[in-house]
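For the protein sequence lines, the chains are A and B, in the order given.
The first sequence begins at 1 in UniProt numbering and counts up by one.
The second sequence begins at 1 in UniProt numbering and counts up by one.
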Amino acid sequence: MDEILILISFGPDGWGDEIAQGVLITVLLAVATLPFGLLLGFVLALAKKSEEPSLRAAANIYTTIFRGLPELLTLFLVYYGGQILLQQALGALFGDVRIEVNSFVAGMIALAFVFSSYASEAFLSAFRGIAQGQYEGAYALGISRFKTMRLVILPQLIRLSLPALGNLWLILLKETSLVSVIGLSDIVRQSGIAARVTKEPFLFFGVACLIYLVLAMFSSVGLNRIEAWTKRGEVRR
Amino acid sequence: MSDRAEQKVEASAAPTVPPSRAWSKARLTGYALMGVWAAAVVGLVLFMAESFNPDFIERYGEKFVSGFVVTVELVTISLVVGCLLSLPVAAMRMSRSAILNGISYAYVYFFRGTPLLAQTFLVYYGAGTFQPFLKDAGVWWFFRDAWYCAIFAFSLNTAAYQAEILRGSIQNVSRGQWEAAAALGLHKAVIFWKVILPQAMIVALRPYGNEIILMIKGSAIASIITIYDLMGETRRAYSRSYDFQAYIWAAVMYLVLVEALRQTWDVIEARLTRHLKRS
Numbered sequence: 001m002d003e004i005l006i007l008i009s010f011g012p013d014g015w016g017d018e019i020a021q022g023v024l025i026t027v028l029l030a031v032a033t034l035p036f037g038l039l040l041g042f043v044l045a046l047a048k049k050s051e052e053p054s055l056r057a058a059a060n061i062y063t064t065i066f067r068g069l070p071e072l073l074t075l076f077l078v079y080y081g082g083q084i085l086l087q088q089a090l091g092a093l094f095g096d097v098r099i100e101v102n103s104f105v106a107g108m109i110a111l112a113f114v115f116s117s118y119a120s121e122a123f124l125s126a127f128r129g130i131a132q133g134q135y136e137g138a139y140a141l142g143i144s145r146f147k148t149m150r151l152v153i154l155p156q157l158i159r160l161s162l163p164a165l166g167n168l169w170l171i172l173l174k175e176t177s178l179v180s181v182i183g184l185s186d187i188v189r190q191s192g193i194a195a196r197v198t199k200e201p202f203l204f205f206g207v208a209c210l211i212y213l214v215l216a217m218f219s220s221v222g223l224n225r226i227e228a229w230t231k232r233g234e235v236r237r
Numbered sequence: 001m002s003d004r005a006e007q008k009v010e011a012s013a014a015p016t017v018p019p020s021r022a023w024s025k026a027r028l029t030g031y032a033l034m035g036v037w038a039a040a041v042v043g044l045v046l047f048m049a050e051s052f053n054p055d056f057i058e059r060y061g062e063k064f065v066s067g068f069v070v071t072v073e074l075v076t077i078s079l080v081v082g083c084l085l086s087l088p089v090a091a092m093r094m095s096r097s098a099i100l101n102g103i104s105y106a107y108v109y110f111f112r113g114t115p116l117l118a119q120t121f122l123v124y125y126g127a128g129t130f131q132p133f134l135k136d137a138g139v140w141w142f143f144r145d146a147w148y149c150a151i152f153a154f155s156l157n158t159a160a161y162q163a164e165i166l167r168g169s170i171q172n173v174s175r176g177q178w179e180a181a182a183a184l185g186l187h188k189a190v191i192f193w194k195v196i197l198p199q200a201m202i203v204a205l206r207p208y209g210n211e212i213i214l215m216i217k218g219s220a221i222a223s224i225i226t227i228y229d230l231m232g233e234t235r236r237a238y239s240r241s242y243d244f245q246a247y248i249w250a251a252v253m254y255l256v257l258v259e260a261l262r263q264t265w266d267v268i269e270a271r272l273t274r275h276l277k278r279s
């Protein structure tokens, strides 16, 4: 028992600090991906509910691709494909150059693609939950289209889409683990190194799993708070 | 007089907007984006044509097909085992016993709250920790093999998800159905199998379809623990040839598989819910 405590402790003999760094990377990656994913998802949802068929089709192609591909494959496509594309583009400009795509950025892009395609569906169904009368009411008050979106629709949209987005956040948190495959030192990779060095794989992968559970629990608490905040205007029944 | 009447009619009629064929902003953006997609497709086709070599197809074509088969096998076995496992878990989740409920809740929470990758590593590498014990129990051959470990981890994972789908859909059937069937004097087992379950399954159809798709996508993780499924074959082909078309072929195959499944599922759902459709 003491040995286990030493192994997961912070300090020179323990792996606690290395794994803590991994936690930081995982959380950073998820948090950095979130705004891009949300923004892209929102724009996609706007495109999908537009009356223009070509715009809808373009958005639907995007979702079909990124919801159909395995996340791991998307990651490899972005990581290796991005490398090749950049190399050719910059090679044409500046001659032969060697380029390494940063695995954090590649992970961020790939996860944002996947997240946004799911988020667009969440936003779309939230849009369907807002009555047409809201737009008409705002129009009758002479509010501009942009302000209608910002002041009338968006607050309701956030409240309606929050449960689905909360789920997507938890999924995103779990999917960041895939980035360990392309060499980013997240929780899984750090505990994998610890497992190999100490020959205690069950302990360290178990710890990794528990850390993900704890992160999920914290997220749930946070999401509940946000949900309560979005409902502060509602009448208590 | 008649003039005024006509005017009145005209005024009260809803202003019919002629279908706008003008180049609105949305239209321009839509066409531009479709243009981007078209350019991407053309670029991909050009890339494939440029890097086309019969050697690659000849050397790796068969392997891709076998990888595809392995993926389908892996997913099918895991889903079936997971489905069987999910029955007792869902039953425990719905039982009144706090202990049974707690155990099944912890199980479901663990497998839904942690990444499949970490679970797979926990089984595949973690089994090594218990090697002497597992050898004594005579199951070491099982945990030594990456294939069995993947099936083990995936089955446990999907069982947790499927148990929640099952529980949710059964509890979604209103209590009135139970009561009405009981009032007709039906046996409890009969009520469950003939009244509740058919209604629950219709609700569960869509989530089950999504779970299959999630499993297909998740199965790519098996490639990390040295299984040559579609993803594994792709990675091997890429690491040997440094030819990016390997990944593109894999993407096409996964997309076709998932889309075909989605379409089939839509047909099945339309067929099974045709009595609920209001025409």
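Virtual Cβ for every residue (Gly too), placed ideally from N, Cα, C.
As the structure is a prediction and not an experimental result, all values here were calculated from the model.
Relative to A:V31, the option among A:T176, A:V207, A:K199 whose CA is nearest is A:T176. Residue-level contact check: A:V101 does not touch chain B, since none of the beta carbons of chain B fall below 8 Å from its beta carbon. Taking A:A119 as the centre and dropping the five residues before and after it, the same chain places the C-beta of G37, L38, G41, L165, L168 closer than 7 Å to its C-beta, in chain order. For B:Y148, the nearest beta carbon of chain A is not closer than 8 Å to its own beta carbon. In the same chain as B:A181, and ignoring 5 residues on each side of it, the C-beta atoms closer than 7 Å to its own belong to I191, V195, in chain order. Chain order gives no chain A residues near B:K63, where near means a beta carbon separation below 8 Å; the closest approach is about 16 Å. Against B:G30, the close residues of chain A are A47, S50, E52, P53, S54, L55, R56, A57, A58, in the order they occur along the chain (beta-carbon pairs closer than 8 Å).
Going by DSSP, A:S116 is part of the alpha helix (DSSP H) stretching over 103 to 128. In this structure A:S9 is exposed. Its beta-carbon is surrounded by fewer than 16 other beta-carbon atoms within 10 angstroms. Positions of the alpha helix (DSSP H) runs, each at least 4 residues long and wholly inside the segment 197 to 250 of chain B, are given as 197 to 218, 230 to 241 in order along the chain. The CB of A:P35 never comes closer than 7 Å to any CB in chain B; the least such distance is about 22 Å. Y109, F110, G113, T114, P115, L116, L117, A118, Q119, F121, L122: these are the residues of the segment 100 to 123 of chain B whose beta carbon lies less than 8 Å from some beta carbon of chain A, given in chain order. In this chain, A:M149 is not harboured by any alpha helix (DSSP H), its DSSP state being neither H nor E. At a cut-off of 8 Å, the C-beta of B:W37 has a neighbouring C-beta in chain A. Chain-ordered, the chain A residues with CB closer than 7 Å to the CB of B:G128 read P201. DSSP, reduced to helix, strand and coil, places B:N53 outside both helices and strands of the structure shown, so it counts as coil. The three-state reading of DSSP puts A:E51 in coil, since its state is none of H, G, I, E or B. Between the segment 147 to 158 of chain B and the segment 66 to 86 of chain B, the count of C-beta pairs closer than 8 Å reaches three or more; the two stretches touch. Annotation: the continuous alpha helix (DSSP H) that includes A:E227 extends over 201 to 230. The C-alpha of B:G82 is placed about 8 Å away from the C-alpha of B:A160. Against chain B, a Cβ distance below 7 Å from A:S177 picks out P115, L117, A118. For B:T158, the uninterrupted alpha helix (DSSP H) segment begins and ends at 146 to 172.
Three or more Cβ pairs closer than 8 Å define a contact, and the segment 137 to 145 of chain B falls short of that threshold against the segment 190 to 203 of chain A.
At least 8 Å separates the CB of B:F133 from every CB of chain A. Residue range 98 to 113 is occupied by the alpha helix (DSSP H) that includes B:I103. In chain A, no part has a C-beta under 8 Å from the C-beta of B:Y161; the shortest such distance is about 12 Å. Residue contact with chain A for B:Y60: absent (no Cβ-Cβ distance below 8 Å to any residue of chain A). By the Cβ criterion, the segment 206 to 221 of chain B is in contact with the segment 158 to 173 of chain B, since at least three pairs of Cβ atoms, one from each stretch, lie closer than 8 Å.
With 16 or more other Cβ atoms from the protein chains shown falling within 10 Å of its own Cβ, A:S54 counts as buried. With three or more CB-CB distances shorter than 8 Å, the segment 101 to 118 of chain A counts as touching the segment 66 to 85 of chain A.
Going by DSSP, A:W169 is part of the alpha helix (DSSP H) stretching over 154 to 175. Ranked by how close their Cα comes to the Cα of B:L28, the residues A:V27, A:G192, A:E52 have A:E52 in first place. Only exposed fits A:Y139, as fewer than 16 other CB atoms lie within 10 angstroms of its CB.
By the rule that beta-carbons nearer than 8 Å mark a contact, A:V31 does not touch chain B. Here B:L122 is actually not in contact with B:I212; their C-beta atoms are around 24 Å apart, not less than 8 Å.
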